[in-house]
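Trainee: In our numbering, the protein residues as written are 9 to 223.
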Amino acid sequence: MSDLDSLAQAINGCVDCGLARSRTHAVPGEGSPQAQLMFIGEGPGFNEDQQGRPFIGPAGQFLDELLASISLARSDVFITNMVKCRPPNNRDPFPGEMEACSKYLDAQIEAIKPKVIVPLGRHALAKWFPNESIGKVRAKARRFGDITLFPLYHPAAALHNGALRSTILDDFAKLGDLLRAPAPPPETTPAEAGPVQGQAHPGESEPQSEQLSMF
Ligand code: SF4
Numbered sequence: 009m010s011d012l013d014s015l016a017q018a019i020n021g022c023v024d025c026g027l028a029r030s031r032t033h034a035v036p037g038e039g040s041p042q043a044q045l046m047f048i049g050e051g052p053g054f055n056e057d058q059q060g061r062p063f064i065g066p067a068g069q070f071l072d073e074l075l076a077s078i079s080l081a082r083s084d085v086f087i088t089n090m091v092k093c094r095p096p097n098n099r100d101p102f103p104g105e106m107e108a109c110s111k112y113l114d115a116q117i118e119a120i121k122p123k124v125i126v127p128l129g130r131h132a133l134a135k136w137f138p139n140e141s142i143g144k145v146r147a148k149a150r151r152f153g154d155i156t157l158f159p160l161y162h163p164a165a166a167l168h169n170g171a172l173r174s175t176i177l178d179d180f181a182k183l184g185d186l187l188r189a190p191a192p193p194p195e196t197t198p199a200e201a202g203p204v205q206g207q208a209h210p211g212e213s214e215p216q217s218e219q220l221s222m223f
């Protein structure tokens, strides 16, 4: 059994926060165990809760479209959420719920070791940059040790505000550019490139942009 399978098993049986009481299914996440690109949303919605799979409702269909726009499929990436169980009525996850669930996301990141993590929306962004706005830092790369963060609007934002659809498509095109761009020079060190994961500098007002070759 892989690390991810063991984690999925633990998540499916988890009762570490109140969301366990109202869920139909936990939603551990899915995709390639070797994914170099990882998407992190907020939490499962109604459809995801029913089926135990991430991003399968209308927002998921848009995410599939976005992936296809940069020649990727779900099987190329890993998709998960900050909390693995659906908050009732799709409310925002409470801080205590995100704290209780963070061990699973941290372990998934450790097992997969993606090169690029895409926080989708403000809740996922807040894991690394609690004081920054998704509208301000979206579609800009920031490097943490071996990982590059590239925050984007959550695809569901386009369902609530149709005007954001083209913005999100444009931002995904920039993600595609990032993945195709040449690698940084070998002398670049994590210390030169920026803080390591988990040591964000929340006070920084402007993220450091980088271009990396991922595939
Ligand atoms: S949301 Fe996370 S911590 Fe809470 S019950 Fe589900 S798996 Fe456990």
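C-beta atoms are modelled at their ideal positions from N, C-alpha and C, and glycine is treated no differently.
Which stretch, first to last residue, makes up the beta strand (DSSP E) that contains Leu27?
Mentor: That residue, Leu27, is in no beta strand (DSSP E); its alpha helix (DSSP H) goes 27–30.
Trainee: Skipping 5 residues on each side, what residues in its chain have a beta carbon closer than 8 Å to that of Val145?
Mentor: So the list reads Leu133, Phe137, Pro159, Pro215, once near-sequence residues are dropped.
Trainee: With 16 as the cutoff for other CB atoms within 10 Å, does Pro41 come out buried or exposed?
Mentor: Exposed: under 16 other Cβ atoms inside 10 Å.
Trainee: Where does Pro198 sit, in a helix, a strand or coil, going by DSSP?
Mentor: Legend: pLDDT at Pro198 = 40, less than 50; position of this residue unreliable, value from coordinates given subsequently. Helix.
Trainee: Just to check, is the beta-carbon of Glu286 closer than 7 Å to a non-hydrogen atom of the ligand SF4?
Mentor: Given a span of 9 to 223 for the chain in the structure shown, any question on residue 286 remains unanswerable.
Trainee: Give the C-beta separation of Leu45 and Val126 to the nearest angstrom, bearing in mind that I take them to be a contact with Cβ-Cβ under 8 Å.
Mentor: Indeed, because the Cβ distance is near 7 Å, the residues count as touching under 8 Å.
Trainee: In or out: Phe6 buried (at least 16 other Cβ within 10 Å) or exposed?
Mentor: Nothing about residue 6 can be reported from this structure: the residues present for the chain run from 9 to 223 only.
Trainee: Ignoring anything shorter than 4 residues or poking outside the stretch 39–82, list the alpha helix (DSSP H) runs there in chain order.
Mentor: Runs of the alpha helix (DSSP H) inside the stretch 39–82: 54–59, 66–77.
Trainee: Taking DSSP as the reference, what is the three-state secondary structure of Leu12?
Mentor: Three-state DSSP puts Leu12 in a helix.
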